[in-house]
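The working numbering numbers the first residue of the sequence shown as 18 and each following residue consecutively.
C-beta atoms are modelled at their ideal positions from N, C-alpha and C, and glycine is treated no differently.
Right, one structure below, let's go through it.
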Amino acid sequence: MNNNYKYIHLLYVPTMACNMGCKYCYLEDNTKDEKTNYKALDTLKFAIEKFKESNVIPFNISLHGGEVTTLSKKDFHDLIAYISDYYQTNKEIITNGGFKIGNPHIKTNLYNLEEHIDTIKEYNVSISGSLDLPLLLHDEYRVTKNNQKTLTKILDNIKLLESIPNKKKVSATIFKEHYKYLDQIVEDIKYLHKNTCLDMNDFNFMIGFDYNSNDILHHMSEEEQVTFYKRMHQEFDGTDLDLGVNGPWFNEFGPEYCTNCDNCGEKFFLLEKNGDIYSCVRGQKHPDYYYGNIYKDTIQNILDNAFNKIFLNHNKEPFNEECLQCGYLYLCKTGCPFVKNTYKTNKSYTCKLQQELYKDRNYLKDAYNEESVYNYMIKMRTENSEQYRPKVNNNDYPMLEELIQNDPKLKYIYDDKSFILKVDDVEYPLESQILKKGRDFIYLTPNSKIKIYMKKNMIEEECDYPLNNALYIMLLSGNMITYGDENRLKQQHVMTHQVYKGVLDQNTSDKEDYYVYDLTNLIKEYKNYLTMDTSNNIFFTTTSLRDYHYTKQKNNAYYHIQAINLPFQNMEFYYIDKELKNE
């Protein structure tokens with residue numbers, strides 16, 4: 018049995034066409050049938066097979082849009098039948114990954130539902146529809162493309178679901194304009210629960226953000242969000258909708274949803290009929306959240322782009338220092354990068370609401386918050402993570418600096434005078450990445466002349482036979498991959514290169530007491546494995562000092578804990594080359 022599958026949540030957009038022209042649609046003018054030679058079912062089949070060939074398994078496939086019910090009856094039926102068969106065929110693989118087998122699911126505006134009711138019944142399709150609350154505003158914002166009202170027809174279509182057991186639910190997005198009608202929202206929820214087949218315990222509120230809303234709708238302040246949340250509890254706690262208000266209604270702001278990922282690019286993908294892949298419905302059609310094309314790109318490139326683009330988007334704004342002490346970083350992960358960058362902020366736009374929800378649902382503040390912050394910074398931030406390393410009481414165990422001081426063999430592993438990187442005419446003294454106080458970056462191009470200088474005495478340090486020792490070079494790309502049984506996410510190792518003493522002795526150095534080695538051609542040789550939009554890394558030590566570092570890690574747990582990342586002298590760099598394959 019293959020246990021090395023990567024499981025993803027796949028949203029599939031079989032058509033960009035939509036029969037409505039909602040005035041705050043995030044897709045704006047893109048909701049029309051795109052010109053493409055690809056058929057909806059063919060693209061999904063191709064993508065699934067290509068993912069599976071790379072051991073990537075969608076554990077959930079949901080249809081999104083555009084509007085999926087604008088498909089012809091045949092195309093809709095064939096897609097639903099394929100997804101239903103996919104779940105059954107891959108049942109063992111999916112359940113072995115810890116996921117439940119579901120039914121085909123669609124996200125719909127409910128306006129054209131009657132066209133496909135037979136297929137919905139046949140395959141027990143679950144439905145997530147959209148309404149505006151209060152209902153009195155629905156026809157103001159959710160209209161057809163020729164500006165016709167939609168609410169009456171949508172409520173009639175909901176009646177079609179009364180006789181079928183399929184899971185059906187609706188959601189409503191709340192902007193400031195809706196928030197003004199709190200009393201009416203309360204009454205409409207009661208009305209829908211009592212007078213339709215909808216179980217309003219299974220309902221979702223979403224908090225709108227004014228992206229592509231053409232200044233028609235505006236976001237609620239964080240204080241208004243909390244007031245809204247508390248008002249719903251005031252009205253519905255202890256009622257027959259208690260389960261909803263304390264569960265699904267606000268689940269989007271709990272850890273059950275996509276924002277509870279360090280990097281959502283590892284799990285969530287949106288595929289369009291033309292093969293384009295984006296992060297999700299929020300990032301759809303936005304170049305910063307475009308991962309590639311299933312017909313044109315390898316799966317590995319798509320996965321790498323997904324991680325790297327989400328990483329970069331999380332780092333467009335500086336880390337919010339409030340998140341250091343909050344205690345809930347392990348749940349919220351600072352929020353959605355798309356919304357953060359839309360608002361030019363560096364924390365979740367529903368931060369205060371989320372904290373209220375965490376308290377009400379008895380999510381405790383993280384007892385290991387310092388460790389969680391440190392691990393998050395290592396994985397998701399460009400800031401030097403070492404400044405966030407948990408402070409350790411010296412009475413518990415010795416600090417790294419003390420270990421180095423007490424072991425002269427460690428000195429040169431961390432020495433800041435032993436290596437100098439020279440790029441063209443600029444010299445950069447190198448430090449250990451886990452001791453330096455900040456992060457330095459340089460830019461390399463195919464025209465860069467690159468040399469490394471190493472103090473000659475380094476060859477003799479911790480080495481009985483210097484002729485067998487070597488300058489040890491490690492090159493890591495900006496791509497992040499998972500290594501080892503512990504599943505640690507780390508930079509992808511590109512190469513190691515050793516230059517022995519006999520070679521170093523023959524190179525003429527222009528610096529007294531330093532060996533020199535030209536890295537220019539070595540970097541060029543591996544340029545296709547480097548990244549331009551994330552930083553790469555090059556480390557230097559000697560073979561003997563590297564071996565001693567790992568011996569010390571094995572023998573001293575205190576050292577291992579504090580030097581788990583590569584401790585050697587390093588430089589981070591971006592490689593700029595238009596010919597790179599992952600441009």
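Asked                                                                                                                                                               : Found
Quick check: the Cα distance between E589 and H510, rounded to an integer number of angstroms?                                                                      : 14 Å
Which residue wins for smallest C-alpha separation from I65, given the options K453, N582, Q165, Y29?                                                               : Y29
Which residues mark the beginning and the end of the beta strand (DSSP E) in which A422 is found?                                                                   : A small correction: the amino acid at residue 422 is Gln; Ala does not occupy that position in the sequence shown. Counting along the chain, Q422 falls outside any beta strand (DSSP E), though it belongs to the alpha helix (DSSP H) covering 417–423.
What is the C-beta distance between N72 and K23, in whole angstroms, given that I count them as a contact (C-beta under 8 Å)?                                       : 6 Å
Which residues in the same chain as Y531 place their Cβ atom closer than 8 Å to its Cβ, once the five residues preceding and following it in sequence are excluded? : I437, Y470, M471, K472, K473
What do you reckon, are the CB atoms on P335 and N358 nearer than 7 Å?                                                                                              : no
Mind checking who I191 pairs with in its DSSP beta bridge?                                                                                                          : I224
Report the three-state DSSP secondary structure of T125 (helix, strand or coil).                                                                                    : strand
What residues in its chain sit with their C-beta under 7 Å from that of I476, if we drop five residues either side in the sequence?                                 : P483, N486, K518, T559
Measuring only the C-alpha atoms, how far is V3 from Q450?                                                                                                          : Residue 3 is absent from the model: the chain starts at 18 and stops at 600.
If you compare alpha carbons, which of C340, E239, Y228, E194 is closest to H303?                                                                                   : Y228
Check whether the region 81–88 and the region 30–48 touch, using three or more Cβ-Cβ pairs below 8 Å as the test.                                                   : yes
On the three-state DSSP scale, how would you describe I450?                                                                                                         : Looking at the sequence shown, residue 450 is not Ile but Gln. Residue state, collapsed to three classes: coil.
Out of curiosity, what's the CA-to-CA distance linking P584 and H566?                                                                                               : 9 Å
If you draw a straight line from the alpha carbon of I25 to that of G282, how long is it in whole angstroms?                                                        : 10 Å
Leaving out the 5 sequence neighbours to the left and right, which residues in its chain are closer than 7 Å to P407 when beta-carbon positions are compared?       : E387, E388, Y391
I'd like to confirm the pairing. Which residues does DSSP put opposite E589 in its beta bridges?                                                                    : F458, N554
Any idea if P121 is buried or exposed, counting beta-carbon neighbours within 10 angstroms, 16 or more meaning buried?                                              : buried
Quick one: complete beta strand (DSSP E) runs, 3+ long, within the region 486–525?                                                                                  : 487–500, 505–517
Quick one: what's got a C-beta closer than 6 Å to Y198's C-beta in the same chain, skipping five residues either side?                                              : P151
Can you list, in chain order, the stretches of the beta strand (DSSP E) that have 3 or more residues and sit fully within the region 84–170?                        : 122–125, 143–147
For M471, which three-state DSSP category applies?                                                                                                                  : strand
Answer yes or no: do F556 and M497 have a C-beta to C-beta separation smaller than 7 Å?                                                                             : no
On a CA-only basis, which of A57, I311, N332, D522 is nearest I395? Give me that one, please.                                                                       : N332
State buried or exposed for T60, treating a residue as buried only when at least 16 other CB atoms are found within 10 Å of its CB.                                 : buried
From the DSSP output, which residues share a beta bridge with H26?                                                                                                  : N77, F285
When the Cβ atoms of the region 175–193 are set against those of the region 127–139, are three or more pairs found closer than 8 Å?                                 : yes
On the DSSP letters alone, give me the boundaries of the alpha helix (DSSP H) that I581 sits inside.                                                                : Looking at the DSSP string, I581 is not in any alpha helix (DSSP H), and its letter there is neither H nor E.
In three-state DSSP terms, what is K598?                                                                                                                            : Low per-residue confidence applies at K598: pLDDT is 40, beneath 50, and the placement is therefore not dependable, though the value from the model is reported in the following sentence. Here K598 sits in coil by DSSP.
Ordered along the chain, which non-local residues of its own chain (more than five positions away) have a Cβ less than 6 Å from that of L178?                       : K185, C214
With I294 as the anchor, note down where its beta strand (DSSP E) starts and where it stops.                                                                        : 293–295
Is it true that the region 282–293 meets the region 242–249, where meeting means three or more beta-carbon pairs spaced less than 8 Å apart?                        : no
Could you check the C-alpha separation between E596 and Y99 for me, to the nearest Å?                                                                               : With a pLDDT of only 45 at E596, under 50, the local geometry of the prediction cannot be trusted, and the value read off the model is given with reservation. About 40 Å.
Quick one: grab the DSSP three-state call for M397.                                                                                                                 : helix
Can you name, in chain order, every residue of its own chain whose Cβ lies under 8 Å from the Cβ of E373, other than the five neighbours on each side?              : V243, Y246, K247
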